[in-house]
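Using the numbering used here, you'd call the opening residue of the sequence shown number 73 and step up by one each time. Backbone N, C-alpha and C fix where the C-beta goes; we use that ideal spot for every residue, glycine too. What follows is one structure encoded as structure tokens, with my remarks underneath.
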Amino acid sequence: MLLHDIIENCGVVPVVVLEDANKAVPLAKALLAGGIKTCEVTFRTAAAEEAIRQIALNVPDMIVGAGTVITKEQLKSAVDAGAKFIVSPGSDIEVVRYAKELGVYMLPGAVTPTEIMQLMKEDIKVVKFFPAENYGGLKTIKAISQPFPNIRFVPTGGVSLSNLSTYLEFGKIAAVGGSWLCTKDLINEEKWDEITRLSKEAMEIFRKVRN
Ligand code: 3PG
Numbered sequence: 073m074l075l076h077d078i079i080e081n082c083g084v085v086p087v088v089v090l091e092d093a094n095k096a097v098p099l100a101k102a103l104l105a106g107g108i109k110t111c112e113v114t115f116r117t118a119a120a121e122e123a124i125r126q127i128a129l130n131v132p133d134m135i136v137g138a139g140t141v142i143t144k145e146q147l148k149s150a151v152d153a154g155a156k157f158i159v160s161p162g163s164d165i166e167v168v169r170y171a172k173e174l175g176v177y178m179l180p181g182a183v184t185p186t187e188i189m190q191l192m193k194e195d196i197k198v199v200k201f202f203p204a205e206n207y208g209g210l211k212t213i214k215a216i217s218q219p220f221p222n223i224r225f226v227p228t229g230g231v232s233l234s235n236l237s238t239y240l241e242f243g244k245i246a247a248v249g250g251s252w253l254c255t256k257d258l259i260n261e262e263k264w265d266e267i268t269r270l271s272k273e274a275m276e277i278f279r280k281v282r283n
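Structural data, given as structure tokens:
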């Protein structure tokens, strides 16, 4: 599977924070029912590793990745649990190289030309732009794209339904990431139907803009 299939065909990558691994499978099914084929389970909670394992085992159509991966140890745990791709808020070259060694796709974070240039040396072509809105959003991405025409971005942080189409309309946006489809409250209250509804809403915009 190519990174293209994992990230770009999905268009919207939900950022998932799970406190309880038992909620992982119903959540993945709710996203999938709304047309979302990938999700990033963040290593911000103790439940992350088990949540990834549960989704990988029980929801095979969901391409599950690990987010907030900062160390090589987390990366190894994520891959062992079944993560198909790795997302990091920044770019630690050792972690990027380790992902390559393990044969897992990596989406490292970069918000400056220097970071992008370092990642280009590692053959990275798609970067997470986080926190997108704080760093100037689309305006900044457009400016940074000028010297790096082969780099594509996954803006995350402050992306929601209100600015989704604006981001997706720009060709250098590979996909967007965000938590608005499955906020902590929606997950804790098990609002699976609402998560499916929000997912459908996002995918409708994705299809409208990209087709
Ligand atoms: C992330 O880790 O990518 C962000 O926390 C997601 O940002 P959002 O909550 O603003 O969507």
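Residues sharing a beta bridge with residue 275, DSSP
In the DSSP output, where bridge partners are listed per residue, residue 275 has none listed.
Given this structure, state the Cα-to-Cα distance separating residue 252 from residue 267, to the nearest angstrom.
9 Å
Euclidean distance between Cα positions of residue 202 and residue 250
10 Å
Out of 172, 143, 150 and 175, which one is the CA nearest neighbour of residue 162?
143
Work out the CA separation of residue 112 and residue 149 for me, nearest whole Å.
15 Å
Relative to the ligand 3PG, is the shortest distance from any of its heavy atoms to the C-beta of residue 114 smaller than 7 Å?
yes
Alpha carbon of residue 96 to alpha carbon of residue 275, nearest angstrom:
21 Å
Measuring alpha carbon to alpha carbon, tell me which residue in 207, 166 and 101 is nearest residue 184.
207
Tell me residue 225's beta-bridge partners as DSSP assigns them.
199 and 245
When you measure from the CB of residue 83 to every non-hydrogen atom of the ligand 3PG, does any distance come out below 7 Å?
no
What does the Cβ neighbour count give for residue 180, buried or exposed, with the cut at 16 atoms within 10 Å?
buried
Is residue 230 near the ligand 3PG, with its Cβ less than 7 Å from a heavy atom?
yes
At 3 residues or longer, and completely inside the stretch 101 to 152: list those beta strand (DSSP E) runs for me, N to C.
110 to 114 and 135 to 139
Tell me whether residue 201 counts as near the ligand 3PG, meaning its Cβ is closer than 7 Å to at least one heavy atom of that ligand.
no
Reduced DSSP category for residue 209 - H, G, I as helix; E, B as strand; rest coil:
helix
Going along the chain, which residues of its own chain have a beta-carbon closer than 7 Å to the beta-carbon of residue 272, five neighbours each way excluded?
106 and 107
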